[in-house]
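For reference, the structure discussed in these notes is given below.
Numbering (the working numbering), first residue to last: 28 to 272.
What follows is the structure in structure tokens.
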């Protein structure tokens, strides 16, 4: 599939694909390890229906999103609020994981010796996005003599002094936000939590005003067996992308 974004129907490539895949694999690992607590945990997506979905249903949606974002073979899926929440889930997990890493770094770190790299696993992934996408884009704008409107205050405010070992969450959140901007049109998937009554049906006037259709706000969840979910989970783990250097 491909994913329908505000910059066109596209798949993730290069460092985008690499980082998103790693985030997805790490997120479903955590989802699997905490399966028994599925109904009690908040995964930070801001979507009521995705959060309440079973473990098997979550894996189904995450796999569908990974296919859409990394494989160009079939047309883009029809977006729903749950599908978009599932696409956001790996990035929401990355944010929480970076917060965990920072907390442990502030407390003196997790490991010594070769295993100490684990302490920076999620930050290293996001650092690649900064080095290969964000920083080069900023440098190109800064060097463009014809761009009279370019201002660097926002960039400097967020990234000044930024390194892999930065324990301020703000630049890490900004990197995740940059990835989100390359994938999502907006943040409409959160509306089912803000206005849960919309899942019971919407008026035509609401559709005309917001562009959110009844199909997008569907409250239907697929039936997914544990066996099917485990097969999809293995597929997620077996997925490979070309690693960018």
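Think of the CB as a built atom: it goes at the ideal place given N, C-alpha and C, for glycine as much as any other residue.
> Can you list, in chain order, the stretches of the beta strand (DSSP E) that have 3 or more residues and sit fully within the segment 65–152?
Replying inline: The segment 65–152 contains no whole beta strand (DSSP E) run of 3 or more residues.
>> Using 9 angstroms as the threshold, is the C-beta distance between residue 239 and residue 265 below it?
In response: no
>> If contacts are defined as beta-carbon pairs under 8 angstroms, then residue 96 and residue 153 qualify, I think. What distance do you get, rounded to the angstrom?
In response: Contact doesn't hold; Cβ gap of about 17 angstroms is too wide.
>> I'd like to confirm the pairing. Which residues does DSSP put opposite residue 35 in its beta bridges?
In response: Answer is 32.
>> Just to confirm, is the Cβ distance from residue 103 to residue 53 under 9 angstroms?
In response: No. Outside cutoff.
> residue 249 by DSSP, collapsed to three states: which one?
Replying inline: Residue state, collapsed to three classes: coil.
> How far does the alpha helix (DSSP H) with residue 51 in it reach, from first residue to last?
Replying inline: Its alpha helix (DSSP H) spans residues 41–60.
> Contact check, residue 248 vs residue 80 under 8 angstroms by CB: the rounded distance?
Replying inline: 6 angstroms
> Cβ atoms of residue 74 and residue 111: under 9 angstroms apart, would you say?
Replying inline: yes
> For residue 50, which residues of its own chain have a beta-carbon under 6 angstroms away from its beta-carbon, when the five flanking residues on both sides are left out?
Replying inline: 117, 121
> So, is residue 84 buried or exposed, given that buried needs 16 or more other C-beta atoms within 10 angstroms?
Replying inline: buried
> What span of residues does the alpha helix (DSSP H) with residue 63 cover, start to end?
Replying inline: Judged by DSSP secondary structure, residue 63 falls outside any alpha helix (DSSP H); it is assigned neither H nor E.
> Which residues mark the beginning and the end of the alpha helix (DSSP H) in which residue 196 is found?
Replying inline: That run of the alpha helix (DSSP H) goes 196–208.
> Can you give the Cα-Cα distance for residue 260 and residue 253, rounded to whole angstroms?
Replying inline: 10 angstroms
> Are the beta-carbon atoms belonging to residue 108 and residue 76 less than 9 angstroms from one another?
Replying inline: Yes, Cβ-Cβ distance for residue 108 and residue 76 is below 9 angstroms.
> With a Cβ-Cβ cutoff of 9 angstroms, do residue 157 and residue 192 count as a contact?
Replying inline: no
>> Please classify residue 60 as buried or exposed, where buried requires at least 16 neighbouring CB atoms within 10 angstroms.
In response: exposed
> With C-beta atoms as the reference, is residue 198 less than 9 angstroms away from residue 183?
Replying inline: no
> Are residue 263 and residue 90 close, meaning C-beta to C-beta below 9 angstroms?
Replying inline: yes
>> Rounded to whole angstroms, what is the Cα-Cα separation between residue 280 and residue 48?
In response: Shown here, the chain extends from 28 to 272; a query on residue 280 therefore has no answer.
>> So, at 7 angstroms on beta carbons, what are the nonlocal neighbours of residue 31 in its own chain, with the 5 sequence-adjacent residues on each side left out?
In response: 103, 106
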